[in-house]
Every structure is written in structure tokens, then in C-alpha cells.
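Trainee:
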Amino acid sequence: MVFGMTGSGKTGLCIDLLEEAIDEGIPIVAVDPKGDVANLALIFGELTSDKFLPWISREEAEVKGKTPEAYAEEVAERWRKGLEEWGIGEERLRRLREKSFLRIFTPGSTAGELVNIITGFENPPSDFSSDPELAIEKIKNSVSALLSLLGMDTDPIKSSPHILLSSIIEYFWRQGKTIALEDLILSIQHPPIKKLGVFDVDSIMSKKERMEFALAVNNLVASPNFRLWREGFPLDGSKLYKKTEQGKIPVSIFYIAHLSDSERMFFVSLLFNEVLAFIRTQPGSSQLKYLLYMDEIYGYLPAYPLNPPSKNPLLLLLKQARAFGLGVVLVT
Ligand SMILES: Nc1ncnc2c1ncn2[C@@H]1O[C@H](COP(=O)(O)OP(=O)(O)O)[C@@H](O)[C@H]1O
Ligand SMILES: [Mg+2]
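Under this note's numbering, the first residue of the sequence shown is numbered 3, with each subsequent residue one higher.
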């Protein structure tokens with residue numbers, strides 16, 4: 003955990019930490035709520051002023067009474083000297099650059115790379131029968147995330163929509179079947195299961211209530227924005243943490259500043275959920291093999307009695323992930 007006041011250098015410290023991790027060959031998934039973690043992409047092989055020029059602040063140059071070019075040279079010089087003092091030369095920077103495969107994802111937006119978040123909902127894990135507990139945990143967390151996006155009660159025990167939707171997904175997954183979102187909506191109206199626990203489906207949620215719920219999910223899925231959540235790189239831990247064919251270290255930065263609060267919560271919960279599902283399939287490890295980093299964790303891991311959908315998967319990651327080689331770095 004990294005704690006500190008705003009402006010005290012937390013993000014700066016963590017950029018260093020992440021660079022060291024890349025150098026050690028450790029794949030990274032980073033959540034970037036503010037937009038400054040993407041600075042990790044600014045690893046220049048040569049510390050020359052032309053490399054810095056597009057990235058310096060023109061206002062700062064003006065305040066200092068310098069041309070942008072002169073100011074870029076000043077900044078480049080500061081970096082050259084600063085890194086030199088620590089024995090870090092351009093060669094090491096180039097190595098870092100060549101070693102890493104850095105991507106900036108912008109869920110729901112084409113500004114960066116798109117992320118397909120729906121694959122995790124639709125496709126059963128390949129090993130449902132070998133670890134049903136894990137699969138059910140995954141269903142529970144995904145459904146909570148979806149319900150929170152709809153502004154509904156996300157409690158897996160008290161919320162009837164939660165119980166219904168989880169049971170439907172479990173029904174299909176147990177048979178190893180993919181369930182497309184469209185079919186899921188239809189299944190809410192006409193559930194393939196007749197009983198939830200000892201009660202009829204109808205007494206847990208009436209036909210009318212199910213219709214309203216199905217409509218709400220349908221409206222979400224039908225909205226033009228939502229189309230962008232269904233395209234792009236699949237949100238799948240095993241793919242995110244996999245080294246490229248050239249053996250490069252994947253660094254996936256998920257920029258989420260453009261999303262609404264409820265969309266952010268939705269996305270972050272699903273991401274944690276996918277990382278958890280992935281790490282549970284890994285063999286035990288006493289060594290650090292993967293990193294999960296989130297800046298500005300505030301709001302995603304609140305104290306009792308608050309219980310947003312991000313909290314459960316994150317708590318499980320904190321409790322269990324280390325044993326499988328995943329380090330969790332949180333900043334607030
Ligand atoms: N070790 C450091 N020495 C000097 N300046 C630093 C250091 N770490 C960060 N900074 C500068 O301080 C400012 C705030 O740092 P940042 O890491 O964004 O803080 P935080 O994430 O805690 O809000 C940035 O302009 C950054 O360049
Ligand atoms: Mg910061």
C-alpha cells in the first residue's frame with residue numbers, strides 16, 4: 003500500500019516501481035483513474051529534446067519565458083543528469099522499452115484500445131467442474147457489477163434479481179454452455195430453472211418484476227454506448243498476463259477517467275474479478291510473477307458497512323493472490 007497526500011509523489015514512486023518490475027520480467031495490469039499512470043509509456047530510448055518536446059507543458063515554458071524547444075532541452079538535460087546520478091544510462095532505458103509491450107486501454111471508448119468486457123459474462127470457465135467454487139464466485143461478482151451499473155441492489159444474498167441472474171448463468175455454465183447476453187435477457191423473462199432454493203421462481207420474482215428487470219438489462223445492452231463494451235481485447239486475465247510471442251512483458255494500462263462513476267465501478271469490479279479468476283488457475287508460487295496496480299483506490303475498497311462490487315474480489319485478491327505469485331499494489 004502506498005499512502006500519501008495529494009502531490010506527495012505516490013504516482014511518481016509507483017511509476018519507478020512498475021519500471022523495475024518490467025525490468026524483472028513481471029507482467030503488469032494497471033488501473034489508471036486519473037491518467038498519469040499512462041506516463042509509463044514515456045520511456046525514451048534517447049533523452050534528447052525532440053523526444054521531450056511533444057510532452058512538455060507549453061504553459062510552463064511560457065511562464066519561464068522560454069521557447070518550447072529551449073524548455074524541452076532543459077527538461078531533457080534534467081532527466082539525463084538525474085538518471086546518470088543513479089547510474090541509469092540510455093542503454094538501460096532502451097532495454098526497458100524493447101522488453102515491454104505496453105498498451106493503453108480505454109474501456110467504452112476508442113481513444114485508446116477497446117476492451118471487450120462481455121466475454122467473461124458469456125463464456126463459462128473451461129474448468130467449471132474442477133473448481134465450481136471459483137466459477138460461482140466469478141458469477142456472483144460479475145452479477146453484482148452489472149446490477150450496480152443498473153443502479154440496483156447488488157447484495158448476492160438479499161437481492162432477488164441477483165439470485166435469479168446468478169442462477170441462470172450458473173445453469174448454463176454448469177452445462178459448459180456459452181450464454182449470449184441476448185439469451186440471458188430472454189432467460190430472465192422465461193427462466194430455464196423453475197425453482198430458486200425451495201421456492202418457485204415466480205414467488206421470488208413475479209412475472210411482472212422479471213419483465214421490468216429484463217427491460218432494464220435490455221435497455222443497457224441496446225444503448226449505443228454499450229456496443230463499445232463488446233468489442234476489442236477480451237478482458238481475460240490469462241490473456242492480459244501472457245507474454246507476447248516475442249517474449250515481451252505485457253503492461254496493460256486501463257485508463258478510466260472518461261467513465262462515469264457507476265461505469266468505473268462496473269469496469270474495475272469486472273477487471274478484479276477476471277484477475278482473481280486467472281490467478282486461481284495458477285500453481286502456487288513463492289515468487290512474484292504478476293502485478294496488479296491501482297492508483298487512487300479511494301472508493302473501491304471502503305470500510306464496513308459499504309460494500310461496492312469491487313470490494314469482494316479485491317479482498318479476495320489481497321487474501322489469496324500472493325500465494326499464486328500475484329502482487330497487489332494499491333495507492334491512496
Ligand atoms: N521523488 C520526487 N522528487 C521530486 N519531485 C517529485 C518526486 N516524486 C514526484 N515528484 C513530482 O511531484 C509532483 C506530484 O507527484 P505525484 O507522483 O503525481 O503525486 P501523487 O500521486 O502523490 O499525487 C509531480 O509533478 C512529480 O513530478
Ligand atoms: Mg497520483
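Every residue, glycine too, gets a C-beta built ideally from N, C-alpha and C.
Suppose contacts are defined by Cβ-Cβ distances below 9 Å. Is residue 261 in contact with residue 109 by that definition?
Mentor: Result yes, Cβ atoms of residue 261 and residue 109 sit closer than 9 Å.
Trainee: Buried or exposed: residue 112, going by 16 or more other Cβ atoms within 10 Å of its Cβ?
Mentor: Its Cβ having fewer than 16 others within 10 Å, residue 112 is exposed.
Trainee: Hey, could you find the ends of the beta strand (DSSP E) residue 257 is sitting in?
Mentor: That run of the beta strand (DSSP E) goes 251-257.
Trainee: What residue does the beta strand (DSSP E) around residue 107 start on, and which one ends it?
Mentor: 102-107
Trainee: I'd like to confirm something about residue 283: is its beta-carbon nearer than 8 Å to some heavy atom of ligand 2, or not?
Mentor: no
Trainee: Run through the DSSP bridge pairs and tell me what residue 330 is partnered with.
Mentor: The partner list for residue 330 (beta bridge, DSSP) reads 294.
Trainee: Name the one or two DSSP bridge partners that residue 236 has.
Mentor: Paired residue(s): 118.
Trainee: The beta strand (DSSP E) spanning residue 155 covers which residue range?
Mentor: Residue 155 -> no beta strand (DSSP E), and no H or E assigned at all.
Trainee: Can you tell me which residues form a DSSP beta bridge with residue 198?
Mentor: 201
Trainee: Got a sec: does ligand 1 put a non-hydrogen atom nearer than 8 Å to the Cβ of residue 12?
Mentor: In this structure, residue 12 has its CB closer than 8 Å to one or more heavy atoms of ligand 1.
Trainee: List the whole-angstrom C-beta distance separating residue 74 from residue 55, where the pair is believed to meet the contact cut-off of C-beta under 8 Å.
Mentor: Going by Cβ atoms, the distance from residue 74 to residue 55 rounds to 4 Å, so yes, they are a contact pair.
Trainee: Is the closest heavy atom of ligand 2 to the C-beta of residue 335 under 8 Å?
Mentor: Because the chain is modelled from 3 through 334, residue 335 falls outside the range shown and cannot be assessed.
Trainee: With DSSP run on the structure shown, which of helix, strand or coil describes residue 32?
Mentor: strand
Trainee: Taking the Cβ atom as the reference point for each residue, do residue 31 and residue 16 lie within a distance shorter than 9 Å?
Mentor: no
Trainee: Between which residues of its own chain and residue 99 is the CB-CB distance below 7 Å, once the five residues before and five after are set aside?
Mentor: 45, 47
Trainee: Assuming contact is defined by CB atoms lying nearer than 9 Å, are residue 116 and residue 235 in contact in what I supplied?
Mentor: Yes. Within cutoff.
Trainee: Buried or exposed for residue 201, going by 16 or more other Cβ atoms inside 10 Å?
Mentor: exposed
Trainee: Nearest-angstrom Cα distance between residue 83 and residue 18?
Mentor: 17 Å
Trainee: Does any residue of chain C have a CB that is nearer than 9 Å to the CB of residue 280?
Mentor: The question asks about chain C, but that chain is absent: this structure has only one protein chain.
Trainee: Between residue 297 and ligand 1, is the CB less than 8 Å from at least one heavy atom?
Mentor: yes
Trainee: Would you kindly report the start and end of the unbroken alpha helix (DSSP H) that includes residue 57?
Mentor: First-last for residue 57: undefined, no H or E at that position.
Trainee: Looking only at its chain, what residues have a beta carbon closer than 8 Å to the beta carbon of residue 275, apart from the 5 residues adjacent to it on each side?
Mentor: For residue 275, same chain residues with a beta-carbon under 8 Å away, outside a window of 5 residues either side, are 122, 140, 143, 144, 147, 315 in chain order.
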